[in-house]
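These protein sequences, in sequence, are chains A and B. In this text, residue positions in the first sequence follow numbering that gives the first Met the number 0: the first is 0, and each later residue adds one. In this text, residue positions in the second sequence follow numbering that gives the first Met the number 0: the first is 0, and each later residue adds one. The beta carbon of each residue, even a glycine, is placed where N, CA and C say it ideally should be. Report on the structure given below.
Protein chains: 2
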Amino acid sequence: MIISDVDSAFRALADPTRRRILQLVANQPLSAGEIANHFQTTRPAVSQHLGVLREAGLLSESRDGSRRLYQAESMAVDDVINHLQSFWSPRLQELKRQAERKERHRHAKP
Amino acid sequence: MIISDVDSAFRALADPTRRRILQLVANQPLSAGEIANHFQTTRPAVSQHLGVLREAGLLSESRDGSRRLYQAESMAVDDVINHLQSFWSPRLQELKRQAERKERHRHAKP
DNA sequence: ATAGGCTGTAAGCTGTTGCTTACGTTAGCG
DNA sequence: CGCTAACGTAAGCAACAGCTTACAGCCTAT
């Protein structure tokens, strides 16, 4: 588990702007200014979003001179997806068990 | 796509209490009071959480006399997981493409 | 009909979020 | 050394989220 805590990661992903940012820097690192150019809001607002994503462990930061490059922490996003799946999988296992039980009943008394 | 809109579903899942509620009613329907008994907060607070989950399409409501039974809308949760995966999969595809390109280069000039 | 559960809902409060404007800071360049 | 570009950060504000208390609406049983 890379992400610091699940709640902050979920909250970070709950914002559509932040999800778009994450998509932007999924394949290549981008500077804060380049990221901000993709949005209508001001640069400080984007910078704050970057802070939230970084705080949640979904983003890694590196420096290139006076610029700061951001890139998605892909394994962290995978962690969130995996957590959501394992959070939900007991429900599927239970469904499967119920189906099997019903199947056995059908065989027991036809 | 069952869920009304992705944003509301994400925001609904961002709250840990609501995720626990969703787990509680994943396998069997429960009344609002039974659900509230699992938490320290007051019953109205839980009722509001139920409203958020229902609004997001993650919960279905049925009536049993004076009680109201809630149950997770399993396909809606699956939708969210699938959306997250397809939202993130382009990144994986790109990684794969880069790996293949690198592989071809390795073959081209050894 | 009326009494009593079981519940949603309104009102009000507090903490948080997301935005903007203004300012501080660091790197690179003349 | 200044000067500029590229940033983060503080301050302030409107909107919202989540909680509690108080109240109103059903349904059932008597």
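By Cβ distance below 6 angstroms, which residues in the same chain neighbour residue i in space, the five residues on each side in sequence not counted?
i, result
"residue 21/B", "71"
"residue 7/B", "55"
"residue 89/A", "none"
Note down, in chain order, every chain A residue with its Cβ under 7 angstroms from the Cβ of residue i.
i, result
"residue 15/B", "6"
Who are the neighbours of residue i on chain A, taking C-beta pairs under 8 angstroms?
i, result
"residue 80/B", "80, 83, 84 and 87"
"residue 53/B", "None at all; the shortest Cβ gap to chain A is about 18 angstroms."
For a contact defined as C-beta to C-beta under 7 angstroms, what are the partners of residue i on chain B?
i, result
"residue 9/A", "12 and 13"
"residue 76/A", "87"
Closer than 7 angstroms by C-beta to residue i: which residues in its own chain qualify, once you throw out the five before and the five after it? Chain order, please.
i, result
"residue 67/A", "30, 31 and 60"
"residue 82/B", "5"
"residue 17/B", "11, 48, 51 and 52"
Report the residue from the options whose alpha carbon sits nearest the alpha carbon of residue i.
i, options, result
"residue 4/B", "65/B, 51/B and 33/B", "51/B"
"residue 62/B", "28/B, 84/B and 19/B", "28/B"
"residue 87/B", "80/A, 16/A and 36/A", "80/A"
If the cut is a Cβ gap below 8 angstroms, which residues of chain B does residue i touch?
i, result
"residue 42/A", "Near residue 42/A there are no residues of chain B at all, since even the closest Cβ is about 24 angstroms away, more than 8 angstroms."
Give me, in chain order, the residues of the same chain whose beta-carbon lies closer than 8 angstroms to that of residue i; leave out the 5 immediate sequence neighbours on both sides.
i, result
"residue 34/A", "20, 23, 24, 45, 49 and 69"
"residue 109/B", "Bear in mind that the predicted position of residue 109/B carries a pLDDT of just 42, short of 50, making it unreliable; the figure below should be weighed with that in mind. Excluding residues within five positions, none has a Cβ falling inside 8 angstroms."
Could you list which residues in chain A have their beta carbon closer than 9 angstroms to that of residue i, in chain order?
i, result
"residue 62/B", "Here the premise fails: no neighbours, minimum Cβ distance about 23 angstroms."
Since residue i meets chain B, which of its residues come closer than 9 angstroms, beta carbon to beta carbon?
i, result
"residue 66/A", "Here the premise fails: no neighbours, minimum Cβ distance about 22 angstroms."
Checklist entry - If you pair each beta-carbon of the segment 47-66 of chain A with each one of the segment 29-47 of chain B, do three or more pairs fall below 8 angstroms? => result As far as the Cβ criterion goes, the segment 47-66 of chain A does not touch the segment 29-47 of chain B, which means the pair count is below three.
Next on the checklist: List, from N- to C-terminal side, the alpha helix (DSSP H) runs of 4 residues or more that fit wholly inside the segment 12-82 of chain B.
Outcome noted: Annotation note: the segment 12-82 of chain B contains the following uninterrupted alpha helix (DSSP H) runs of length 4 or greater, listed N- to C-terminal: 15-23, 31-36 and 42-54.
Next on the checklist: Across the segment 56-76 of chain A and the segment 5-12 of chain A, are there enough close Cβ pairs to call them in contact, namely three or more that are closer than 8 angstroms?
Outcome noted: Three or more Cβ pairs closer than 8 angstroms define a contact, and the segment 56-76 of chain A meets that threshold against the segment 5-12 of chain A.
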